[in-house]
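Structure first, commentary second.
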Amino acid sequence: MQIFGYPLDLDPILLTLEVAAITTVVLLIIGTPIAWALSQMRSRARIFLEALVALPLVLPPTVLGFYLIIALNPNGEIAQLLKYVGYDGQLTFNKMGLIIGSVIYSLPFTVQPIMASFEALPTQIVDAARTMRASFLDRFFTVIVPLARQGFLVGSVLTFAHTVGEFGVVLMVGGNIEGQTRTVSIAIFDHVESFEYAEAHMLSLIMVIFSILVLMFVYALNRKLQIKQA
Amino acid sequence: MQIFGYPLDLDPILLTLEVAAITTVVLLIIGTPIAWALSQMRSRARIFLEALVALPLVLPPTVLGFYLIIALNPNGEIAQLLKYVGYDGQLTFNKMGLIIGSVIYSLPFTVQPIMASFEALPTQIVDAARTMRASFLDRFFTVIVPLARQGFLVGSVLTFAHTVGEFGVVLMVGGNIEGQTRTVSIAIFDHVESFEYAEAHMLSLIMVIFSILVLMFVYALNRKLQIKQA
Amino acid sequence: MFKGNLQLKLGNFALDSGEFQFESAGVTVLFGRSGSGKSTLLRALSGLDRGTRGTLFFGDECWQSGKTALPVEARDIGFVFQTAALLPGKTVQSNLNYATQRVPKNRAQGPSFEEITQRVGITHLLTRPVDNLSGGERQRVAIARALLTRPRVLMMDEPLSALDWRAKTELLALIESVIADYQIPTLYITHAPVEVERLANRVVFMAEGHITSIETLAEATTRIDSPLFTEEGPVSVLHGHLGRVDEDGLIAFESAQSGAFCFWLNTTEPTGTPLMKHKARLRVLARDVALARARIEGISMLNQIAATITRIEADPKTHRQAVFLTLSDGQALIAELSQRSVESLNLAPKQTVFALVKTAALLDH
Amino acid sequence: MFKGNLQLKLGNFALDSGEFQFESAGVTVLFGRSGSGKSTLLRALSGLDRGTRGTLFFGDECWQSGKTALPVEARDIGFVFQTAALLPGKTVQSNLNYATQRVPKNRAQGPSFEEITQRVGITHLLTRPVDNLSGGERQRVAIARALLTRPRVLMMDEPLSALDWRAKTELLALIESVIADYQIPTLYITHAPVEVERLANRVVFMAEGHITSIETLAEATTRIDSPLFTEEGPVSVLHGHLGRVDEDGLIAFESAQSGAFCFWLNTTEPTGTPLMKHKARLRVLARDVALARARIEGISMLNQIAATITRIEADPKTHRQAVFLTLSDGQALIAELSQRSVESLNLAPKQTVFALVKTAALLDH
Amino acid sequence: QADTITVAVAANFTKAIEQIGQEWTKETGNQVRFSFGPTGGLYAQINNGAPFDAFFSADTKTPQKLMEEGKASDYMEYAQGKLALYSTTLPVAKEAEQIIQAASYNHLAIANPKGAPYGSAAVEVLKKMGVYDKINKDKKIVQGESITATFQFVMTGNAQLGFVALSQIKDPESPAKGKGEFWLVPQADYTPINQAAVLINGTKHADSAKSFINYMRSPAAVKIIESYGYEIPK
Ligand SMILES: Nc1ncnc2c1ncn2[C@@H]1O[C@H](COP(=O)(O)OP(=O)(O)OP(=O)(O)O)[C@@H](O)[C@H]1O
Ligand SMILES: Nc1ncnc2c1ncn2[C@@H]1O[C@H](COP(=O)(O)OP(=O)(O)OP(=O)(O)O)[C@@H](O)[C@H]1O
Ligand SMILES: [Mg+2]
Ligand SMILES: [Mg+2]
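Right, here's the structure in full:
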């Protein structure tokens, strides 16, 4: 593809959007139960666990990536364990690696806002659902999630946007392999490295526009849901 | 200082904690009015502005850093403008640069959660404060902020933790000057680059422990406040 | 039958019901001062509070035993919260749907969606988001929702407090007919004696976290020191049936034992309407009953009923005297007189007197 | 004096008060069915809703003119919300402190913190977080908070709906004395006629978003079709003063014009208590008044007051007749009789009759 | 039968090797895929199972380390980098040494001496001039995480001057073209910055990868390498 006379490689863009979307979905699935469990905890351990959830953020991404490729090394214990349960593929230097890395790094962005909105739930409304025979899962999806919608929204937006721009972890765990694990952020970086500023600017601009569109869509959807419900 | 026989340079640790703390405070000061303004907007432009706030995330940090050093260079317009109003220092390669970079990059982490909790404010309670003669600023600090406490907590935690681990932007805008702008994340990266893995591990561990302690302190404080108020 | 002994500690407040047992059929009113623990007991009975301890049986079913409790969602209860507790951000319609969609297929039939919404008076609100309903509108939606769950037990916490008089009357009639038609045992919290008199089969009195006594309506209303009647004094509730509406707009309320007594009452029904409903309750405030030694002429009071004085009780604090009367069919009627009147009329037990009642409120219609 | 014309659109509901003007002194009750716009009008008057349009003057002060409105916090109002609206997570004490700390130094003195909390009955709750108060407790805290703001105008939205009868009585007395002692104009929403009769100086009737009429209490209560009295029919409110408590526990309520009438009333005050408060109001339900052509002996009714029939109005729907009487001091009393009684007694205007009143409620004490 | 190899390349050699790869593909029909990254990072990746067939380092130390650890073979030095002092504002072409000595600039940029060989070379030069300790103490030295970042510091004017790679100035698309001036540091002043490539042991594409490494000595490749300001090591 050509844009303004420059060749534009679509692969990284598609890969990035795919990884960001999958990461967001995976994190919603993993992060929601974690957020719920934390929000329900009353013991002292909770303070420690809450701090633990924020941890992936405090290490520089490249360094976190460094530790990840050590942990996920094909001869390492995690890979062996997975081989044992039947997963034979590699965990790093492929899309799987990109997703694992992004999921771990962005965990706090999903869990923290969702946890905060779980804490603010009006208990009496959840109680009301119970009196209408809603089982835990039923009321979780029909009452709790809608009431915590803002938390899910913030969590998803931060996770998505952050995964799009993620660089360090993705570079390490993905390996920046052309056509396979080269995300836009790495591609932009490569362009800057090799003085292809025009390409870098353009790719940045495209990414920014894309992201604005995706985010605007999410916000608009949120509004619509709000209004439809309302 | 020596730890387990390795020399440990305390400067980067102190600098990192200082920058993270200042960034968090600065962002609370800047981010709160932005979050409030957005949460009060009813026009369509809001969806666009909300998406805009998330933008610093979608660019890879090193690239964002690259754009920042272009924008902030001593002969650039911003620097000239600041010189005009009396600030004569350089904006890059010093603590100021670190803070500017971190503030811009972490803006979404502060604004988004706070905005979400502003949206969820129970209007009638704010109304009640008005009938007790509380002016806007009065009720903002005495009613709105306490009611939105969870949002402030999540915003601060994400901002702080993220600034501690921030690497790409800080590296570009700070210039990695030993004893001045070398944060822990850069120091760890340097160690990894030059195969000083033992030092890297130790520094990572120290950072993780430090951050856990800070975050646990924040969470414990939040709990205490909650209980005291309650 | 509800039977058990429930404990629930909330901060400094301790609910400790003590052993209790009461029929579940009909309406059981929880009555007590603000803060006495009515809402807490109701929540403990419903299973909403996980901190509840003790035992609770509903009929043969064990609902609570020590720490183990049957989950609320398995108890088949309908609950009206003191604060409505509607699902925010949704319309009235979807709030109601939430209840109807979760009714098991095998639940007994109940009144239809249309009937409920219409009689509760929220048909015009169905498409409205619940967030900006008025206080009374919210309460009506909450009541409709609870009725639509087709509950086996209905629990209502001050469901009518924010309603105007007409809405109150209409909803009382609705609640009454639904729970009678579908035989739904009901637990009901209210501060309004008139709601007690109208609905209650029995009253659970509460004070400071304990059940102080459980009485039938008749016991509760005829006690001169009943906590129900700090406001308006003792009340007699007479059971009888209604006759035809007369030409001049009056309707006869007669004893089941024919000729025992006949009260002429006002009605808004048009002349000639035949007996509308056989059984009815008549509520007579003791202080609305005057006594005369003989039938009196030349007075506008039509209802002059012969009765025998059984006993006279004095309330030393107020100098008021409660004169207990027996009507010829054996029902009790109380008159509250001043000491001065009792003395000047020389009233004493065993005397036959005429009870003059100007105002009497018909409770069912 | 409140004067103006307010509009406020909320979704499909449009408040459009129409031109209104009423004295602010004393208590103005807003009355109307659920959903008629009472709360909305009160919010429009308070300035809480930014969408309010129109004009509003409080005395000389312009509170609203078109889109520009004086900010709520500058209006010096105390507000009791229909849903309490306490600051969550704080104790009762700090909720109240929030109000007291913001009272300007130059505000007129009001009742002390201790007096209010004690009389509202929340002293024992001061250290409790408001989040787990009972419904009635929340309302009491909200009332205390509004009184502690030392407002120039007090606005209360169904402040007593969740309270038991005794708490209601105590708080009515408190509100009444505070607003009388400190001359605080009050706007008050309630569905309870007894609160209207007890507190109101005037009534603003509302229906479907409009003010339908503004009447003095006397006008509102003596209208036979007054919306106030769908429940219990017309009411007469007699003004007079109290005498001493007699040995037998009765107290005399006499006309200001000596000898015009004397009602003997029950009281819980001990014998011999001297006149407790000079002025008082007596509430007499029209259906509690019986008429006789002559004074009657041998009956327990002590209060037999001579009066002249001024006119007789029939309500064709119910066959009830309202007989308007004038007492010898010129005050009006209404008796509601059945058509049958009016006919059998041959009642007609100008006749002198005796009004027999068994029950009468003293509204102030 | 065509083969596809995956080659890890130190980021500073990105453009040159992309061009060489195209030539190689034309000649052999084999495809090459690149993974660019910092030398230290690539080393860690190779150590942890990255699917690379060959590794083009920015230094000689890292490939040697891999050889010693038995993870690589077929060591070959494919290019020699040249250090240059670059500035957009100062007349470094003629008065480089005086300017550095006078230290009237705010910031002198070098690459991180720990990771990047251009960085350690720059330190050597500064030490030789006898100013390193002084300007280091005065916090005048800013370090780029890579030679790219170092170049950007100077190019954007945030640092008044800096030691960069000659290849960054010689690059046909370099923003330094026509902007500022440079001084080529005499080779005698610093240890040669040789860049070495190795074959990763155990690769399934050993033959093609070896052919690609050897291709660096082909005339076409040499021409490209030299056009970016590198020399070919003896
Ligand atoms: N979580 C709690 N912690 C401490 N005290 C509590 C808690 N919840 C309720 N209480 C107290 O328990 C008492 C009983 O509360 P409850 O709500 O049962 O009263 P109630 O009889 O329903 O009163 P009302 O008529 O005012 O609604 C009150 O004094 C209340 O303040
Ligand atoms: N934001 C809104 N959007 C649409 N309709 C609204 C909104 N707020 C209130 N209403 C409607 O306006 C009408 C008047 O409401 P309001 O709260 O003033 O009633 P009210 O007279 O106080 O009733 P109640 O006695 O039940 O409290 C109600 O029908 C209500 O549903
Ligand atoms: Mg309650
Ligand atoms: Mg209202």
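Chains as they are written, first to last, in the working numbering: chain A, 1 to 230; chain B, 231 to 460; chain C, 461 to 825; chain D, 826 to 1190; chain E, 1191 to 1424.
All C-beta atoms in this analysis are idealised placements derived from N, C-alpha and C, irrespective of residue type, glycine included.
For Gln907(D), the distance from the CB to the nearest heavy atom of ligand 4 is below 7 Å.
Leu950(D) sits in a helix when the DSSP states are folded into three classes. Counting only Cβ-Cβ distances below 7 Å, Ser415(B) has no contacts in chain D at all, with the closest Cβ about 37 Å away. Between Ala1198(E) and Phe1245(E) the beta-carbon gap is near 5 Å, inside 8 Å, which marks them as a contact. For the segment 1297 to 1323 of chain E, the beta-carbon criterion of a distance under 7 Å to any beta-carbon of chain B is satisfied by His1297, Asn1302, Lys1304, Gly1305. Per the CB criterion, closer than 5 Å to any heavy atom of ligand 1, the qualifying residues run in chain order as Leu470(C), Gly471(C), Phe473(C), Ser494(C), Gly495(C), Ser496(C), Gly497(C), Lys498(C), Ser499(C), Thr500(C), Asn957(D), Leu958(D), Ser959(D), Gly960(D), Gly961(D). Comparing C-alpha distances from Gln717(C) to each of Gln764(C), Pro653(C), Leu787(C) shows the shortest one belongs to Leu787(C). Comparing alpha carbon positions, the residue from Gly1352(E), Ser1364(E), Lys1317(E) closest to Tyr1295(E) is Gly1352(E). Ile1014(D) has its CB nearer than 7 Å to a heavy atom of ligand 4. Chain D has a Cβ within less than 8 Å of the Cβ of Gly709(C).
Assignment of beta-bridge partners to His201(A) by DSSP yields no partner. Non-local C-beta neighbours of Lys818(C) in its own chain, meaning closer than 6 Å and more than five positions away in sequence, comprise Met761, ordered along the chain.
DSSP places Ser211(A) within a helical segment (H, G or I) once states are collapsed to three. DSSP, reduced to helix, strand and coil, places Phe882(D) within a strand of the structure shown. When the beta-carbon positions are compared, Leu710(C) and Ser842(D) stay at least 8 Å from each other. Ranked by Cα distance from Val214(A), the first of Pro7(A), Leu10(A), Thr24(A) is Thr24(A). Residue pairing from DSSP places Asn763(C) in a beta bridge opposite Val817(C). Of all residues in the segment 388 to 407 of chain B, only Leu401, Met402, Gly405, Asn406, Ile407 place a beta-carbon less than 8 Å from a beta-carbon of chain E.
The C-beta of Glu423(B) comes closer than 8 Å to at least one C-beta of chain E.
Contact of Phe109(A) with chain B is assigned, a C-beta pair being separated by under 8 Å.
Looking at the DSSP output, Tyr648(C) bridges to Val489(C), Met616(C). Residue contact with chain E for Gly89(A): absent (no Cβ-Cβ distance below 8 Å to any residue of chain E). In the DSSP annotation of this structure, the continuous segment of the alpha helix (DSSP H) that includes Tyr67(A) starts and ends at 61 to 71.
Taking all protein chains shown into account, Thr340(B) has 16 or more neighbouring C-beta atoms within 10 Å of its C-beta and is therefore buried.
Between the segment 1025 to 1033 of chain D and the segment 960 to 974 of chain D there are fewer than three inter-stretch CB-CB distances shorter than 8 Å, so the stretches are not counted as touching.
Excluding its 5 nearest sequence neighbours in each direction, Ser386(B) has C-beta neighbours in its own chain below 6 Å: Thr254, listed in chain order.
The continuous beta strand (DSSP E) containing Lys1104(D) extends over residues 1104 to 1110. With respect to the 8 Å criterion, Gly168(A) and Pro61(A) are classified as neighbours on the basis of their beta carbons. Proximity of the segment 479 to 494 of chain C to the segment 430 to 448 of chain B falls short of the contact definition, fewer than three beta-carbon pairs being nearer than 8 Å. Taking Arg878(D) as reference, the option from Gln926(D), Ala894(D), Ile1121(D) with the minimal CA-CA separation is Ala894(D).
Tyr197(A) reaches chain E at Glu1363, Pro1365, counting residues in chain order whose Cβ is nearer than 9 Å. Under the 10 Å beta carbon count, Leu311(B) is surrounded by fewer than 16 other beta carbons and is classified as exposed. Listed in chain order, the non-local C-beta contacts of Val487(C) below 6 Å within the same chain comprise Thr646, Tyr648, Leu659, Ala660, Asn661, local neighbours out to five positions each way being set aside. In the three-state reduction of the DSSP assignment, Met1406(E) falls in the coil class, being assigned neither a helical nor a strand state. In this structure, the CA atom of Glu1267(E) is about 6 Å from the CA atom of Asn1384(E). Under a criterion of Cβ atoms nearer than 7 Å, the residues of chain C adjacent to Glu962(D) are, in order, Ser494, Gly495.
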